[in-house]
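See structure below.
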Ligand code: SF4
């Protein structure tokens with residue numbers, strides 16, 4: 036795939052994603068005008084406001100002007116709170132980003148050594164145990180996991196706070212303790228996905244001639260696993276890290292609500308309950324576009340993992 | 066007795082799943098999981114009829130009380146019976162789960178079949194749209210839509226159903242693609258069957274099982290998603306209980322009444338786990354069917370004869386292999402890949418190991434090196450290097466021997482190098498690990514090594530990745546790596562098979578030159594007797610994991626004793642053959658090493674076999690040339706062999722294997738027998754070859 040083709044595809048996907056976010060949420064029942072004016076307003080007042088807000092224009096025109104706004108950084112101003120949506124999102128984005136980054140770190144940090152250990156003796160007791168644990172983790176909904184972790188680590192052991200958030204700027208240590216439980220909650224199911232994938236690919240790689248030859252050269256199993264087998268086995272893992280970001284963001288919405296973190300996910304949920312249309316739209320677009328861009332970046336990252344994909 | 070004509074040769078037509086043994090193959094976990102799902106479904110269906118308090122009846126018991134006889138799941142903060150609430154919650158979870166699966170299936174399956182069957186434009190359009198659809202973070206979207214459209218059962222179901230469509234399309238398309246390319250479908254299409262009937266008769270039954278499997282996995286996903294929505298308060302609204310909602314309600318009282326959170330969580334976990342398990346087991350079933358494997362039958366590997374036997378170390382032997390065995394447990398039984406092999410190599414000489422593919426040659430090399438694959442592989446016998454037994458060494462000390470005294474080159478240079486590491490890094494590694502060189506010194510040595518094996522511009526090649534080099538260059542690099550720490554024995558497993566004819570000669574020449582310069586011994590594995598005759602001093606002929614003839618090259622080729630060696634020699638294309646002469650092959654297939662024939666393992670294919678061959682295994686006997694040994698009851702040129710009795714075909718039937726017995730791979734019962742020309746392998750070539758040799 037040439038770079039131009041990729042760029043064009045990215046553009047098309049972005050257009051479709053933003054359009055659908057806009058269209059779906061605009062076409063659904065529910066009227067912002069009624070909310071702004073309250074129940075007592077006259078039909079004339081309704082009409083006027085609708086025209087002012089441009090709600091009577093055709094969908095495509097409305098989409099166009101909304102998209103134009105997005106490009107200039109104008110996500111609109113909330114009808115409910117009067118705060119520019121962009122400002123609210125900018126406030127909350129760092130929290131979500133930190134949460135996701137920490138979760139990826141935990142997931143990979145656990146999954147890679149676990150997969151390497153399991154692949155060393157496929158079918159061995161460790162491998163079997165890991166398979167069972169992964170299967171269990173994959174069947175545990177994120178909110179069940181979160182509630183259990185709170186019950187054990189916050190309520191019974193009193194090691195970590197159950198809810199609340201300390202920004203990095205205030206105190207790094209407290210920040211880390213407040214991000215740890217939520218990050219682990221999101222990370223555990225991903226750990227299962229990653230370690231299964233990597234284990235399978237590692238086992239396949241370990242069958243290859245160059246590994247047998249590395250053994251024939253008298254290299255230690257540890258060196259072979261980490262230096263010879265890991266990188267050629269990592270391509271699916273890199274894909275999965277990108278694809279699973281969608282699942283992670285879904286998890287973040289729940290986890291941010293459960294642990295009381297002021298992130299984008301919680302903002303979207305709060306805005307939903309407040310019927311704050313523009314805010315929800317802005318949040319959904321931010322998340323979708325971020326997701327698309329990350330997957331695009333993952334596509335490019337393949338080449339770094341596997342030089343065979345690098346095209347001259 | 067005529068063989069059923071070509072029964073096994075027809076393309077597999079697995080459209081009617083075999084039900085025999087199928088249910089058993091699912092395993093007990095499947096049945097437990099299916100039982101739990103059935104229980105949850107039954108409870109959900111009969112929730113109103115069960116002798117339980119109403120789900121919304123407050124103070125049905127003391128609030129926040131734990132499980133008791135009266136309230137098996139305890140009560141919540143308002144004193145409502147939790148079991149009743151969980152039972153009613155199951156209605157929502159299962160209803161949404163099943164409904165969304167049906168919706169996804171109804172919309173996704175036809176589109177997937179269409180994309181996979183039509184391909185081209187249709188496929189491109191559908192999959193393009195699918196990719197875009199998958200670019201959405203589903204959960205966030207579900208949230209927004211439910212929030213705006215209203216949180217009702219129908220809306221939740223519709224949104225989750227629609228969101229599951231892309232996954233369905235992908236699955237069904239993938240399966241359809243696989244089957245649309247199978248012979249029986251292309252055949253039906255070529256015969257002019259209408260698309261609709263092909264789809265219904267050939268494709269639909271094959272898509273059914275993967276689809277059923279995914280239905281359960283999809284249900285698990287949906288139940289989790291619905292739970293998430295309900296947990297946020299965005300699924301079916303109160304007073305109807307939902308599992309996610311129950312867990313959320315239990316949170317504030319978690320400290321005093323943990324059961325209110327734990328029990329609904331447990332029920333939900335078990336349900337999702339069960340659905341996943343059922344899906345997983347069903348999928349495993351499709352795997353088995355596609356690979357055509359028999360049900361797993363694990364026979365414990367027979368322990369190998371205890372070592373302890375002391376071998377006489379031959380005078381001047383650098384490497385001596387004595388009674389080496391390697392047995393690998395497989396689902397079909399123990400494979401005797403190497404079965405009692407002995408040979409010796411001296412310094413400065415080349416020993417060739419020949420045999421067809423599947424005769425255990427490559428496994429023999431790996432076994433000598435102690436690199437038996439997989440768990441459970443058993444190795445017996447001894448390997449002596451300079452008179453020292455290597456089989457008892459600790460892994461670390463063995464690695465030291467491997468690194469500094471042995472070198473190995475394998476057949477395919479494309480796979481012999483690590484694709485993601487630069488040549489320089491790979492070449493320097495053993496030098497640093499085993500010789501303790503620093504980074505700089507190792508690089509310099511690596512560059513020298515490359516130059517010594519005839520790689521032009523070695524400094525540049527050091528910075529290259531393997532895929533940037535030609536096959537011949539890569540083989541030179543692997544040889545350089547094998548030679549890097551100055552080995553005493555070089556093992557070369559078909560080092561030239563994957564190379565161009567012109568390059569072959571160069572590589573063999575290189576190996577010989579290195580042997581002379583370094584006074585190494587070379588063990589050369591090959592199936593190419595022309596190569597062997599030219600480059601080897603001694604030859605070992607392997608068949609079915611055993612040595613059947615061995616000796617000095619000249620003696621073995623000129624005074625061949627064993628019919629298998631003879632057949633191998635006859636299979637070498639001769640310059641005198643007409644240009645398009647079909648390649649001379651040995652009739653029949655090599656035996657199944659999991660179930661080798663009794664007696665002489667060559668007897669099913671041997672044109673001279675008699676009754677005794679099928680019963681008694683011939684030992685290795687010395688021929689008149691010193692060092693020449695053979696294993697055969699009726700060897701060539703000795704008078705022991707009477708004119709072959711090609712008509713009667715006795716001998717092979719006496720092992721009691723009927724022709725209508727199971728005809729698994731490697732049981733070419735009748736195919737190789739003289740006179741039986743009904744099999745796929747025409748023997749006339751071999752007979753002709755034998756005749757022309759003055760039989
Ligand atoms: S022992 Fe019998 S079957 Fe085996 S090779 Fe000799 S003649 Fe053939």
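Chains as they are written, first to last, in the working numbering: chain Z, 36 to 347; chain X, 66 to 760. We put the beta carbon where it would ideally sit given N, CA and C, even for glycine.
Could you check what DSSP says for residue i in three-state terms: helix, strand or coil?
i: residue 144/X; result: coil
i: residue 404/X; result: strand
i: residue 114/Z; result: coil
i: residue 193/Z; result: coil
i: residue 153/X; result: helix
i: residue 622/X; result: helix
i: residue 442/X; result: coil
i: residue 239/Z; result: helix
i: residue 471/X; result: strand
i: residue 385/X; result: strand
i: residue 203/Z; result: coil
i: residue 437/X; result: coil
i: residue 602/X; result: coil
i: residue 270/X; result: helix
i: residue 454/X; result: strand
i: residue 614/X; result: strand
i: residue 278/X; result: helix
i: residue 136/X; result: coil
i: residue 217/Z; result: helix
i: residue 607/X; result: strand
i: residue 114/X; result: coil
Throw me the rounded Cβ distance for the residue i and residue j pair, which I believe falls under 8 angstroms.
i: residue 137/Z; j: residue 218/Z; result: 4 angstroms
i: residue 389/X; j: residue 424/X; result: Incorrect: roughly 14 angstroms between the Cβ atoms, too far for contact.
i: residue 178/Z; j: residue 296/X; result: 4 angstroms
i: residue 545/X; j: residue 515/X; result: 5 angstroms
Drop a sphere of 10 angstroms on the beta-carbon of residue i, count the other beta-carbons inside from all chains shown, and report buried for 16 or more, exposed for fewer.
i: residue 691/X; result: exposed
i: residue 191/Z; result: exposed
i: residue 96/X; result: exposed
i: residue 213/X; result: buried
i: residue 50/Z; result: exposed
i: residue 401/X; result: buried
i: residue 191/X; result: buried
i: residue 43/Z; result: exposed
i: residue 193/Z; result: exposed
i: residue 244/X; result: buried
Residue i CB to nearest chain Z CB: under 9 angstroms?
i: residue 494/X; result: yes
i: residue 319/X; result: yes
i: residue 463/X; result: yes
i: residue 341/X; result: yes
i: residue 278/X; result: no
i: residue 210/X; result: yes
i: residue 386/X; result: no
i: residue 289/X; result: yes
i: residue 476/X; result: yes
i: residue 843/X; result: Residue 843/X lies beyond the range of chain X shown here (66 to 760); nothing can be said about it.
i: residue 668/X; result: no
i: residue 662/X; result: no
Just checking: is the beta-carbon of residue i within a distance shorter than 9 angstroms of some beta-carbon in chain X?
i: residue 225/Z; result: no
i: residue 175/Z; result: yes
i: residue 334/Z; result: no
i: residue 51/Z; result: yes
i: residue 111/Z; result: no
Secondary structure, alpha helix (DSSP H): runs of 4+ residues fully inside the segment 508-564 of chain X: 523-527, 536-548
Residues proximal to the ligand HEM by C-beta, any heavy atom closer than 5 angstroms: This structure lacks the ligand HEM; the ligands present are the ligand SF4.
In chain order, each beta strand (DSSP E) run of at least 3 residues that lies wholly inside the segment 123-156 of chain Z: Entirely contained in the segment 123-156 of chain Z, not one beta strand (DSSP E) run reaches 3 residues.
4 or more residues per run - each alpha helix (DSSP H) lying fully within the segment 285-350 of chain X: 308-315
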